[in-house]
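Trainee: Sending over a structure as structure tokens; questions will come in a sec.
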Amino acid sequence: MENKNNIPGKTTAVIAYLTIIGAIIAMSMNMEPKHSFARFHTRQAFGLHLMFHGFAIFSSVWFNQYALYGLYLCYIVLWVYGFLGALSDKEQEVPIVGPYFQKWFTFIQ
135 MENKNNIPGK TTAVIAYLTI IGAIIAMSMN MEPKHSFARF HTRQAFGLHL
185 MFHGFAIFSS VWFNQYALYG LYLCYIVLWV YGFLGALSDK EQEVPIVGPY
235 FQKWFTFIQ
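Numbering follows my numbering, with no gaps: position 29 of the sequence shown is 163.
Right under this line is the structure:
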């Protein structure tokens, strides 16, 4: 039986997409040893979770039901894109905001 989890840090990368707590756990899991694949996806997932929570707090002040639908739809589409990239061993940035997450979250090692 062949090991399908051949990318170092794949488990950490997948955990990063499971809520913001998962992203924080993935940061601590990637402290020793450091894997570039896990670091890449942890930055993407952490950015997605922060963006979602930030916009959710912002739109809760000015409640607009349709804006919340758009927020959830955008978040789910980007989350699925990133999560499937981690599962399929690809370092693909989420559209539009992915390159910014890689620049902004350089503290994630």
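We put the beta carbon where it would ideally sit given N, CA and C, even for glycine.
Ignore the nearest five residues each way along the sequence and tell me which others in D223's own chain have a CB closer than 6 Å to its CB.
Mentor: Position 89 of the sequence shown, counted from the start, is the residue given in the question as residue 223. If we look at D223 and ignore the five residues flanking it on each side, its Cβ neighbours are I141.
Trainee: Express the C-alpha separation of Q243 and M165 in angstroms, rounding to a whole number.
Mentor: Your numbering for residue 165 matches position 31 in the sequence shown. Your numbering for residue 243 matches position 109 in the sequence shown. Going by the C-alpha atoms only, they are around 7 Å apart.
Trainee: Determine the contact status of A147 and H175, defining contact as a CB-CB distance below 8 Å.
Mentor: Here residue 147 is taken as the residue at index 13 of the sequence shown, counted from 1. Here residue 175 is taken as the residue at index 41 of the sequence shown, counted from 1. Yes.
Trainee: From L207 to K168, what does the alpha carbon distance come to, in whole angstroms?
Mentor: Position 73 of the sequence shown, counted from the first residue, corresponds to residue 207. Position 34 of the sequence shown, counted from the first residue, corresponds to residue 168. For L207 and K168, the distance between alpha carbons rounds to 33 Å.
Trainee: Can we count D223 as close to the ligand ADP, meaning its CB is less than 7 Å from some heavy atom?
Mentor: Although the ligand ADP was asked about, the structure shown includes no ligands whatsoever.
Trainee: Helix, strand or coil: which one does DSSP assign to S193?
Mentor: Here residue 193 refers to the residue found at position 59 of the sequence shown. Of the three classes helix, strand and coil, the one that applies to S193 here is helix, per DSSP.
Trainee: Within this structure, are the beta carbons of G181 and V214 separated by less than 8 Å?
Mentor: Locating residue 181 in the sequence shown gives position 47, counting from the first residue. Locating residue 214 in the sequence shown gives position 80, counting from the first residue. Contact flag unset, no.
Trainee: Taking 8 Å as the cut-off, decide whether the C-beta atoms of A157 and A179 are in contact.
Mentor: Working through the sequence shown from its first residue, we reach residue 157 at position 23. Working through the sequence shown from its first residue, we reach residue 179 at position 45. Yes. Within cutoff.
Trainee: With 16 as the cutoff for other CB atoms within 10 Å, does F241 come out buried or exposed?
Mentor: Locating residue 241 in the sequence shown gives position 107, where the first residue counts as 1. Answer is exposed; the Cβ neighbour count stays below 16.
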